[in-house]
Amino acid sequence: MDKKNKISCSCGSCELFLNDPLPKYSVMCACEDCRQALRWAEINGGKKPKDILYSVYFRSDIQSYNGIENMIATQLRGDASSTRIYCKKCFSCFAVDHVNYQNNVFMIQPDYCKQNFKVQIPPLAVLNLQDYPGEFAELDSDTIPVFHSRKYPQERKRFLSIDPLSEFLAPPKTPAEGTTIREIISKIGKIRVLDLVRGDNLEELRMNKLSIETFETLKKKYGGHSSWAVWADETSGKKSNMGDLRIFENEKILEVLNPEIILVALNFSVDIEMRPWENFHGKNGEVYKLRYALKNTPLWGAYMTDIIVGYVDPKADTTMEYLKNNPNIVLEND
Ligand SMILES: [Zn+2]
Ligand SMILES: [Zn+2]
77 MDKKNKISCS CGSCELFLND PLPKYSVMCA CEDCRQALRW AEINGGKKPK DILYSVYFRS
137 DIQSYNGIEN MIATQLRGDA SSTRIYCKKC FSCFAVDHVN YQNNVFMIQP DYCKQNFKVQ
197 IPPLAVLNLQ DYPGEFAELD SDTIPVFHSR KYPQERKRFL SIDPLSEFLA PPKTPAEGTT
257 IREIISKIGK IRVLDLVRGD NLEELRMNKL SIETFETLKK KYGGHSSWAV WADETSGKKS
317 NMGDLRIFEN EKILEVLNPE IILVALNFSV DIEMRPWENF HGKNGEVYKL RYALKNTPLW
377 GAYMTDIIVG YVDPKADTTM EYLKNNPNIV LEND
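The sequence shown begins at 77 in the working numbering and counts up by one.
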C-alpha cells in the first residue's frame, strides 16, 4: 500500500512524506511571481498556470523523502524571497519556501503536484490582486478578505490579524521531528537563480533560457540526429570551424538556443555515426551556407532535425520516391 501523507511530483520521481498532514491554512494567490514560476516550468514540460492559485500550507516537518537527486531548487531572481522545488524530469513544483514562512510552514499548490491525502480547506484570503491579469477576479465568496497588495503596514497588519496566520508566519514553537523544507533545500545543493525579468510571462521567442536539464535530455535522446542552428565563428574561409562542436560545451550556449523554432531537413545525406549535435555541423557539404544565411537572424539558435531518421540519401527526389513506396517509414517517424 502507498505510504500515507505523500506529496509528489506528477511523474513520481520526487516524494515528500509529511509528519503532520493537516493543512494549517490556505489562500488564493494572484501574484505574478507564482504564475511566472509555473510558466517557466510549463516551458520545460510542466502544467499551464492558472490566474489565481490555490496555495495551502503545511508544517515544515518531513518524515522522509525520495528522489532528492531529481529535485532542483530555484529562485526567480537574485533578490527573491521564495525558493521553489521542482522535479527536474516532469517540472512539477511540489514545495515552496518563503523567508516569511520562517521554516515553520511551507506551501504547495496542489494543482501542480500530487497528494494522496486531503489538502483542500477553505482559503482565508485572496492575495496580490493587483497582479491579476483580468479585469475582474470572480471569487467563490463575497466576504473573504481581499488584498490588492501587502505593501502597506496597514495591509500587512490586517493580513496577520486573520487567525491563525500570525501563529504560522512566526518561528515554530515546537521543533520539527523530521527534516525541514530548508534542510531539504540545502541537501539539494545549489539554488538555481533563473534571472527572469519581473512580470515577464515568457512569451514565445522570448524563451531564450533553455534549461540545462532539457538540453541534456534532448542531447541524450535526439543528439545523434538533431542539432542547433549555431556554429562557431568563421575565421579562415567560409567553411572554417563548421565542425567545431565545442560551442555546445559552454553553458552560455543556452542563452542562444531557441527550441521554440524548429528547422526540419529531410534526412541524413551521409551515412556516418554522429556525435551528439554533430548533424548539420561538418566541413563537408553545403551546410556552411546555412551558417551564412542564418547568422544574425531570429532563426539563429533554432532546433534542427531530420524528419526521416535512419534513411540515408543525399538527393531529395529519390528520398521522396523511397518514402512514397514505403509509407510506413513516414508513420514511424511521425
Ligand atoms: Zn517528476
Ligand atoms: Zn503568489
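The beta carbon of each residue, even a glycine, is placed where N, CA and C say it ideally should be.
- When the alpha-carbon of Leu330 is set against those of Asp320, Lys371 and Ala378, the nearest one is in Ala378.
- With 16 or more other Cβ atoms inside 10 Å of its own Cβ, Asn120 counts as buried.
- Under the three-state reduction of DSSP output, Tyr298 falls in the helix class.
- Counting only unbroken stretches of 4 or more residues, the alpha helix (DSSP H) elements lying wholly within the segment 88 to 136 are 108 to 119, in sequence order.
- Sorted by position in the chain, Cys85, Ser86, Cys87, Gly88, Ser89, Cys90, Asn146, Cys163, Lys165, Cys166 and Ser168 make up the residues whose C-beta lies under 7 Å from a heavy atom of ligand 1.
- Cys169 is not a Cβ neighbour of Ser86, given a cutoff of 8 Å.
- Closest in C-alpha terms to Arg268, from the list Val202, Ala149, Leu205 and Ile184, comes Ala149.
- The DSSP assignment places complete alpha helix (DSSP H) segments of no fewer than 4 residues inside the segment 197 to 285 at 229 to 236, 241 to 244 and 257 to 264, in order along the chain.
- DSSP lists Met380 as the bridge partner or partners of Leu339.
- Relative to ligand 2, the beta carbon of Cys189 is positioned no closer than 7 Å to any heavy atom.
- Just so you know, the alpha carbons of Tyr133 and Arg258 end up roughly 15 Å apart.
- Note on Leu272: 16 or more other CB atoms within 10 angstroms of its CB, so buried under the neighbour-count rule.
- A direct Cα-Cα distance of roughly 23 Å separates Arg111 from Tyr228.
- Bounds of the beta strand (DSSP E) holding Arg160 are Ser158 to Cys163.
- In the DSSP assignment, Met147 forms a beta bridge with Cys163.
- For the pair Gly299 and Asn372, the Cα-to-Cα distance works out to about 24 Å.
- Contact between the segment 247 to 265 and the segment 121 to 129 is not established, with fewer than three Cβ pairs separated by less than 8 Å.
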